[in-house]
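Remarks on the structure that follows.
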Amino acid sequence: MHNTQTPSSLLELYALAADAEVRRAGDRLLGWLAGHICFDAAWFGRSTLEAGLLAPHDSHIRGLDPDFVADWRRVRHVDPVAPAAMRRPGCGIAMKIDELPLSSLRAFGEDHRIGGVLGVVLHTSASPWWTHLALYRREPAAYCARDQALLELLTPHASALDLRRPKDAALALLSPREAEVARLFGMGQSYKAVARALGSSPATVRHHLRQAYAKLGITSKVQMARLVCGQATEA
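According to the UniProt record's numbering, the sequence shown is numbered sequentially starting from 1.
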């Protein structure tokens, strides 16, 4: 671990992570970072995987145009920063605009006045969520080791905020019937009990559960309960 922070900075960070208000507003995290790292714009978000690519669900942007995320989705398949960060979860990845390999990416950077980026991606264990933090500068100035260390230090706290988000965030990934099956099953009901409650066959319930497990990136009833019901149960 990099030892680049003063005790007061670390205390501020831990207090920020414990603040209930911050758990409802990711832009507060970006505001805290702005007081410790020099950057012109930032993106904090949560994504799931879609054909191996990040698919943003929640985004908080600072100093960027409202259409930034939508524009990024159009070039994400050729963006080298995200996959590089995903291969090294929790490690900062820096790149300058003139190092981008394709003209489409350089055009995207120019359109959004991005000269350089420092980003970190972290996967939340036993869930479908990938948390990502990216800082942008207008000029292609290099980020220092202290900047990278601080972003790496903050990202697990940002990821932990995702774990404490309401269950609706997980259920939103499912179809209405999958969500209802997952909710009842996560509450401890059996296949047959869920089937009776919904007027379906046990086989249909199992099918919906398989879909829910795949979409949520989980493998057990305990994980289902924690993710969609906010509680633990016996497997």
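Glycine residues also receive a C-beta, built at the ideal position from the N, C-alpha and C atoms.
- DSSP places Val78 in no alpha helix (DSSP H); its state is neither H nor E.
- Residue Leu118 holds the alpha-carbon nearest to the alpha-carbon of Leu151 among Ala182, Ala172, Ala142 and Leu118.
- Annotated as proximal: Pro140 and Ile97, with beta-carbon spacing under 7 Å.
- Excluding five sequence positions before and after Ser47, the CB atoms of its chain that fall closer than 7 Å to its own CB belong to Leu54, Ala55, Pro56, His57, Trp130 and His132, given in chain order.
- Closest option to Gly199, judged by alpha-carbon separation, among Arg177, Asp67 and Leu30: Arg177.
- Of the candidates Asp79, Tyr191 and Pro101, Asp79 places its Cα closest to the Cα of Gly52.
- Non-local beta-carbon contacts of Leu174 in its own chain, meaning distances under 7 Å to residues more than five positions away in sequence, involve Ala182, Ala212 and Lys215 in chain order.
- With the rule of 3 Cβ pairs closer than 8 Å, the stretch 72-91 counts as touching the stretch 105-121.
- With contacts defined as CB atoms closer than 7 Å, Ala149 and Gly186 fail to qualify as a contacting pair.
- Here Pro128 really is in contact with Gly217; their C-beta atoms are around 4 Å apart, less than 8 Å.
- Burial state of Leu102 is exposed, judged by a 10 Å Cβ sphere holding fewer than 16 other Cβ atoms.
- With fewer than 16 neighbouring CB atoms inside 10 Å of its own CB, Thr219 falls in the exposed class.
- In this structure Leu122 touches Gly90 by the C-beta definition: roughly 5 Å separates them, less than 8 Å.
- In the structure shown, Gly31 adopts helical secondary structure according to DSSP, grouped into three states.
- Taking C-alpha positions only, Tyr143 is separated from Arg113 by approximately 17 Å.
- Non-local C-beta neighbours of Phe39 in its own chain, meaning closer than 7 Å and more than five positions away in sequence, comprise Leu135, Tyr136 and Arg137, ordered along the chain.
- Short of 7 Å from the beta carbon of Ala158, and not among the five residues preceding or following it, lie these beta carbons of its own chain, in chain order: Leu29, Phe44, Thr131 and Leu133.
- Asp147 places its beta carbon less than 7 Å from that of Ile37.
- Within the same chain, Leu54, Arg76 and Val121 come within 7 Å of Ala82 by CB-CB distance, once the 5 residues on both sides are set aside.
- For Pro202, the uninterrupted alpha helix (DSSP H) segment begins and ends at Pro202 to Leu216.
- Annotated as proximal: Ala195 and Ser201, with beta-carbon spacing under 7 Å.
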